[in-house]
Amino acid sequence: MNNLDIVAFSKCNEYDVDKLSDIIRSHFERIGATGEIFLGKKIAIKPNLVSAKDPSAVATTHPAVVEAVCRVLNEYGASDIMIAESPGGPYTALTLGHIYKVTGMAELSERTGLALNTDISYGKLSYPEAKKQKSFDVITPILEADVIINICKLKTHSLTGMSCAVKNLFGVVPGTLKVELHAVYGQLEDFSEMLVDLNLALMRDKTIISVCDGILSMEGNGPTHGIPVKTGVMFTSSSAFALDIAAEKYIEEEGETKYLDVGAKRLGINRFCTDDDLIREMGGHSLVRPDSKAGSLLRNLPNYFGGSLARFLEPKPKINKDKCIGCGKCMGFCPQKTIVIKKKKGKKLAKINNKNCIRCYCCQELCPSAAVDTVKNLLLRIIH
Ligand code: SF4
Ligand code: SF4
Numbered sequence: 002m003n004n005l006d007i008v009a010f011s012k013c014n015e016y017d018v019d020k021l022s023d024i025i026r027s028h029f030e031r032i033g034a035t036g037e038i039f040l041g042k043k044i045a046i047k048p049n050l051v052s053a054k055d056p057s058a059v060a061t062t063h064p065a066v067v068e069a070v071c072r073v074l075n076e077y078g079a080s081d082i083m084i085a086e087s088p089g090g091p092y093t094a095l096t097l098g099h100i101y102k103v104t105g106m107a108e109l110s111e112r113t114g115l116a117l118n119t120d121i122s123y124g125k126l127s128y129p130e131a132k133k134q135k136s137f138d139v140i141t142p143i144l145e146a147d148v149i150i151n152i153c154k155l156k157t158h159s160l161t162g163m164s165c166a167v168k169n170l171f172g173v174v175p176g177t178l179k180v181e182l183h184a185v186y187g188q189l190e191d192f193s194e195m196l197v198d199l200n201l202a203l204m205r206d207k208t209i210i211s212v213c214d215g216i217l218s219m220e221g222n223g224p225t226h227g228i229p230v231k232t233g234v235m236f237t238s239s240s241a242f243a244l245d246i247a248a249e250k251y252i253e254e255e256g257e258t259k260y261l262d263v264g265a266k267r268l269g270i271n272r273f274c275t276d277d278d279l280i281r282e283m284g285g286h287s288l289v290r291p292d293s294k295a296g297s298l299l300r301n302l303p304n305y306f307g308g309s310l311a312r313f314l315e316p317k318p319k320i321n322k323d324k325c326i327g328c329g330k331c332m333g334f335c336p337q338k339t340i341v342i343k344k345k346k347g348k349k350l351a352k353i354n355n356k357n358c359i360r361c362y363c364c365q366e367l368c369p370s371a372a373v374d375t376v377k378n379l380l381l382r383i384i385h
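Each position in the sequence shown, counted from 1, maps to that position plus 1 in our numbering.
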């Protein structure tokens with residue numbers, strides 16, 4: 002890695018805007034992100050606002066971190082700053098407004114004047130050098146930005162194992178078009194290549210600074226239905242990949258995240274180059290894995306061997322009949338159209354036909370009632 006890929010990290014145990022501003026300021030100085038980078042530039046803040054959840058649920062970036070970043074940007078003289086995000090689910094002005102309100106971004110905007118994107122248009126970002134996806138639909142404020150401040154949350158993720166800086170940028174693809182990419186890239190290795198294509202396409206055109214909110218993180222069934230856990234850390238880097246490699250090590254999952262293997266290979270960076278002494282000094286914090294994750298051997302099998310085997314062995318999504326409210330959201334967002342809503346004893350319930358399921362776990366991520374469980378294959382239950 003070169004100097005630009007330094008990962009700055011600090012212990013931090015509270016969402017105190019003054020303390021966070023000090024940390025962000027020192028991190029920006031450490032990675033060389035100074036005033037000139039931001040002065041007179043169009044800046045898009047890309048938080049993780051995956052679903053309409055209160056910050057205490059830790060599914061979304063805490064507004065205090067966004068406020069601290071904006072305070073430092075303002076000190077640098079940046080003036081054109083806007084929050085831009087496309088959450089899971091439909092990309093409409095109505096859903097954006099609701100998400101901003103519930104995640105605390107609307108209150109932050111009212112209090113500080115920070116602009117919130119409400120334009121739901123999008124355009125094309127082409128990347129002819131891509132390995133998988135040569136063109137992406139990307140929301141307009143991201144396309145138009147010179148600088149993206151990628152403020153991610155440290156979380157487990159049912160599909161990718163971990164969600165941090167690299168995965169957070171998948172949120173620049175508008176609403177349900179994300180689901181189409183899940184359908185096209187049903188294997189984890191292919192999905193990872195596509196995710197790396199997207200990150201490289203954005204890196205080619207924009208300055209990206211990634212900041213990770215790992216003060217409270219999510220463990221278990223992330224990215225939306227896991228459990229909050231204190232991890233007490235903040236990371237900042239001008240490389241989303243370098244940041245995630247450090248974060249992966251911090252949560253004691255070193256070498257386990259497929260998209261980082263793919264990204265490191267394509268960028269020619271050392272996958273295991275994080276400063277060991279510093280991480281040791283900071284202390285790590287292992288996270289409970291999502292139920293869907295069957296172990297590193299299976300998760301990291303390459304396509305030529307692992308595709309069908311992984312599909313057979315990977316945990317299946319299963320509707321929890323007691324929790325399901327029959328809203329049909331999972332049906333609408335399933336990339337394989339393999340969920341139907343049926344009436345049983347007068348109650349509407351979702352039903353999954355597992356034959357066509359690609360184990361993307363979008364249904365679990367987007368269900369508002371946490372009604373999608375995962376059931377391990379019998380063989381894996383015996384092995385474990
Ligand atoms: S599983 Fe969840 S998303 Fe699907 S119908 Fe039931 S409550 Fe709605
Ligand atoms: S049923 Fe769920 S896990 Fe399976 S393809 Fe549909 S959304 Fe993905």
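Built from N, CA and C at the ideal position, the CB exists for glycine as well. Treat the numbers as computed from the prediction; the structure is a model and nothing was measured.
* Using a threshold of 6 Å, is the CB atom of Ala372 nearer than that to any non-hydrogen atom of ligand 1? -> Residue numbering aside, residue 372 sits at position 371 when the sequence shown is read from its first letter. Checking every heavy atom of ligand 1 against the Cβ of Ala372, one is found closer than 6 Å.
* Within the same chain, show all residues whose beta-carbon is closer than 7 Å to that of Gly296, passing over the 5 residues directly before and after it, in chain order. => As a first step, residue 296 must be located in the sequence shown, where it is residue number 295. Model confidence at Gly296 stands at a pLDDT of 49, short of 50, so the residue's coordinates are unreliable; what they give is reported in the following sentence. Closer than 7 Å at Cβ, skipping near neighbours: no residue.
* Alpha-carbon spacing of Tyr260 relative to Asn271, whole angstroms -> Here residue 260 refers to the residue found at position 259 of the sequence shown. Here residue 271 refers to the residue found at position 270 of the sequence shown. Straight-line Cα distance between these residues: approximately 14 Å.
* Asked: Mind checking whether the beta-carbon of Gln188 lies closer than 6 Å to any heavy atom of ligand 2?
  -> Taking the first residue of the sequence shown as position 1, residue 188 is located at position 187. No.
* Output yes if chain C places a C-beta closer than 7 Å to the C-beta of Ser87; else output no. => The structure shown contains no chain C; it holds only a single protein chain.
* Close-in-space but distant-in-sequence residues of the same chain around Cys325 (CB under 6 Å, 5 per side omitted) -> Within the sequence shown, residue 325 is the residue found at index 324, counting from 1. Hits under 6 Å: Leu350, Ala351, Ala372.
* Quick one: give me the first and last residue of the alpha helix (DSSP H) that Lys54 is part of. => As a first step, residue 54 must be located in the sequence shown, where it is residue number 53. Element bounds for Lys54: n/a, residue is neither H nor E.
* If you draw a straight line from the alpha carbon of Gly176 to that of Asn321, how long is it in whole angstroms? -> The count along the sequence shown starts at 1 and reaches residue 176 at position 175. The count along the sequence shown starts at 1 and reaches residue 321 at position 320. If I take the Cα positions, the gap works out to 25 Å.
* **Strand pairing of Phe137, partner residues [DSSP]** => Here the question's residue 137 lines up with position 136 in the sequence shown. In DSSP, Phe137 forms a bridge with Leu126.
* In whole angstroms, what is the alpha-carbon distance linking Val376 and Thr339? -> Looking up residue 376 in the sequence shown gives position 375. Looking up residue 339 in the sequence shown gives position 338. In a straight line, the C-alpha of Val376 is about 17 Å away from that of Thr339.
* Asked: Roughly how many whole angstroms lie between the Cα atoms of Val70 and Lys356?
  -> One-based indexing of the sequence shown puts residue 70 at position 69. One-based indexing of the sequence shown puts residue 356 at position 355. Each residue's Cα considered, the two are about 46 Å apart.
* Any heavy atom of ligand 2 closer than 6 Å to the Cβ of Gln337? -> For the purposes of this step, residue 337 is taken as residue 336 along the sequence shown, with counting starting at 1. Yes, Cβ of Gln337 sits closer than 6 Å to a heavy atom of ligand 2.
* Counting only runs that start and end within the segment 8-37, where is the beta strand (DSSP E) found for 3 or more residues in a row? -> 8-12
* **Pro129 versus Lys346: straight-line alpha-carbon distance, rounded** => By one-based count along the sequence shown, residue 129 stands at place 128. By one-based count along the sequence shown, residue 346 stands at place 345. Computed Cα separation, rounded: 53 Å.
* Does ligand 1 have a heavy atom nearer than 6 Å to the CB of Cys363? -> Taking the first residue of the sequence shown as position 1, residue 363 is located at position 362. Not so, every heavy atom of ligand 1 lies at least 6 Å from the Cβ.
* Asked: What's the C-alpha gap between Gln365 and Ile228?
  -> For the purposes of this step, residue 365 is identified with residue 364 of the sequence shown, where counting begins at 1. For the purposes of this step, residue 228 is identified with residue 227 of the sequence shown, where counting begins at 1. Rounded to whole angstroms, Gln365 to Ile228 spans 14 Å at the Cα level.
* Spatial neighbours of Phe39 in its chain, beta-carbon cut-off 8 Å, leaving aside the 5 residues before and after -> Numbered from its first residue, the sequence shown carries residue 39 at position 38. The residues are Leu74, Tyr77, Gly78, Ala79, Val148.
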